[in-house]
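Shown next as structure tokens:
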């Protein structure tokens, strides 16, 4: 029995640290349990750092694996995983000792720079290989040849990608460790991973499930620890900490490991069940692209091909047009403000054109049309002569153009002889024009010099020949025009967001060979060169086009105006009146003119129909208006025949893109700083209001707590003192508070009454404590 009792007592002593005396036990006077103080119980620092290392590894390796597996890059995954694990262990154990943290970071920095310098070719080539894999998938998704490709110096892509991703994994581990080991912050890391994953997911590239589980286990465990508050490491590795009301875990690595194992099982099971219940192929079949995705495809393709520059326009434009300049408009952004107010009498149900710019010579690589040097008006003169001779089918009309906010220029209707009537904002012009229905059946016109309208750049010849063969542009003029229009409609979509032409690329060649999407300027410019390549005289024209629908939506009939004052002679529509139409930048248009020996120049409009209802409905477009120069009536000259060369335009475009990008970044940074400042000001204001509304007791305690926090930040050992008595004793011992024993007792009495008493202390007592706290050596 004695041996049994002794064994039991030994177990009690070992388990509960029982201090006993045999004589006392024999008298059954009881035992005294002497437990070790909670603030003296320590946790294994190695265990805590090991947990942090595993979290860093899961988030880093999982995040990189998600992106790389989605792109389907070829590399040695086990090597990258191993390097990531070693790097995670290294950076996590930097916090083992304070001196090692400083030395370890320096050593790591030296190694990173040395490896980066020595293996620069492998790192850059591997990174470019990954980007090329992504661009290839993007090209397949958008069914476009317009993609960026990067030169790879190393032939062995597998080796280069392995080295590059290992190098990036080390750098990423450092960043992740800073967020995880210090504050268990995970939201930013999730945003970074999903930011890199956005484009692959957009083009239906799916990551490997293993990496998804790995990443989310790391994130979920980190989030759980952050919510629990069990992550702060102290120099003495204490297991518990005491706040004002309770004792809680400071750090417990075993709990973290157990929670991580449970969450791993939950996430893994959930991922497997989800993949089984919702197969990706079935999901995409049942859920086609949303309306939002359909509306953003062009913009996403621009970003994928051109980067951030694909979101900006390089020069001001009206409906995407700028007097022959081409390639610098990433997206047509309409304001629908009135540019012109046009008054006339419709003579038929056809589209009514106002010409502003006529392009003669296309400058290859410079991406612009030079304006026509001379415009022959034999057709117009012939129509005027027919009207003056009162020949049947002839007519005379006038068009009044009020320039509300359009660029200064010529806005001339067809068959007008007044090619010198320039109108600027705030002014009006009246144009006379003549029509004659017999232009195409009477005698031939005097031969006009058409050689200027048949030239194509030598550098464009190969691309034009290939396209003409592909579209079968053969036959009569009418047949060629019809075939080209049909090919455009069936193969090259109309879009308001074509993206800019990359630097060094030719506008027409890039449109026909790679981009294969655009708006009227793309189709008209390419059509002009294609028709010329087929031996048909053609020229490029910009201006405004007014459809009958525009008259109904944006126009009105002027009942107080006489038709005879605006139109005399033959017209197909006999029951129309004088109409006034507000013309916006949505009416800006580009088209082609073809020369015929019988009827002169006539309109060929083969821009395909658009299935986009609006061009300016996105939040991005609204945001970008902040950075766009609005025309407010000031004169802005945009002449196609003058100005800088194409090289200068390109250089200026690059500069402008950089300035806009820096401006946007500066604006975002300013917003961030202002937000932080406002939040801090609000916090200070709330604290100030609460302080002044508080009674004397609460104000004194608030002042004392502010004093305690200040001392605690400077002296970490002070943080262990948890009540007024021990805090004041520690301050006196360190000679930070110089008071007598009597003053100490009085201070404690006042503080305890203010903190726990039901009666208010006097203002004199509060000032006494404040004065003693400021009395230091």
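Numbering (this note's numbering), first residue to last: 595 to 1371.
Idealized CB from N, CA, C, for every residue including glycine.
Secondary structure remark: continuous beta strand (DSSP E) runs of at least 3 residues inside the segment 1055 to 1119: none found. In the structure shown, residue 1144 falls within a helical segment according to DSSP collapsed to helix, strand and coil.
Residue pairing by DSSP puts residue 912 in a beta bridge opposite 915. Distance from residue 1363 to residue 1344 at the Cβ level is roughly 5 Å; contact confirmed, criterion being Cβ atoms closer than 8 Å. Of the candidates 733, 702, 697, 749, 749 places its Cα closest to the Cα of residue 718. The Cβ-Cβ distance between residue 1354 and residue 1289 falls below 8 Å.
Ranked by Cα distance from residue 713, the first of 680, 698, 975, 755 is 755. Taking 8 Å as the cut-off, the beta carbon of residue 936 is found closer than this to the beta carbon of residue 1177. Contact annotation: residue 1122 and residue 1115 have beta-carbon atoms that are not nearer than 8 Å.
Distance from the CA atom of residue 1151 to the CA atom of residue 1161, rounded to whole angstroms, is 15 Å.
Annotation: the continuous alpha helix (DSSP H) that includes residue 1300 extends over 1290 to 1308.
A check of alpha carbon separations from residue 1140 across 1295, 1153, 991, 1173 identifies 1173 as the nearest. In the DSSP assignment, residue 708 falls within the alpha helix (DSSP H) that extends over 692 to 712. Of the other Cβ atoms in all chains shown, 16 or more fall within 10 Å of the Cβ of residue 1195; this residue is therefore buried.
Using a Cβ distance threshold of 8 Å, residue 997 and residue 915 do not count as a contacting pair. Annotated three-state conformation of residue 1355 is coil, per DSSP. Check the Cα spacing between residue 1168 and each of 1104, 1128, 941, 1263: the tightest is with 941. DSSP places residue 682 inside the alpha helix (DSSP H), whose first and last residues are 671 to 686. Scanning its chain for C-beta atoms nearer than 7 Å, with the 5 sequence neighbours on each side dropped, one finds around residue 1065 the residues 1077, 1078, 1081, in chain order. Residue 798 is classed as exposed because its beta carbon has fewer than 16 other beta carbons within 10 Å across all chains shown. The alpha-carbon of residue 1026 is positioned some 14 Å away from that of residue 988. Between the segment 1179 to 1192 and the segment 1049 to 1057 there are fewer than three inter-stretch CB-CB distances shorter than 8 Å, so the stretches are not counted as touching.
Runs of the alpha helix (DSSP H) spanning 4 or more residues and lying entirely within the segment 956 to 1001 occur at 972 to 982, in chain order.
Only exposed fits residue 704, as fewer than 16 other CB atoms lie within 10 angstroms of its CB. With respect to the 8 Å criterion, residue 1087 and residue 1111 are classified as neighbours on the basis of their beta carbons.
818 is the residue among 690, 994, 818, 1170 whose C-alpha sits nearest the C-alpha of residue 649. A residue is called buried when at least 16 other Cβ atoms come within 10 angstroms of its Cβ; residue 701 does not meet this threshold and is exposed. Residue nearest to residue 709 within the set 699, 771, 761 is 761 (criterion: CA-CA distance). Between residue 1113 and residue 926, the CB-CB gap stays under 8 Å. Around the Cβ of residue 640, a 10 Å sphere holds fewer than 16 other Cβ atoms; the residue is exposed.
Residue range 781 to 796 is occupied by the alpha helix (DSSP H) that includes residue 782. Distance from the CA of residue 759 to the CA of residue 796, rounded to the nearest whole angstrom, comes to 23 Å. Under the three-state reduction of DSSP output, residue 1327 falls in the helix class. Taking each of 1286, 1303, 1158, 1189 in turn and checking the Cα distance to residue 1129, the smallest one comes out for 1189. In the DSSP assignment, residue 1345 falls within the alpha helix (DSSP H) that extends over 1335 to 1350. Our two residues, residue 790 and residue 667, have alpha carbons roughly 14 Å apart in a direct line.
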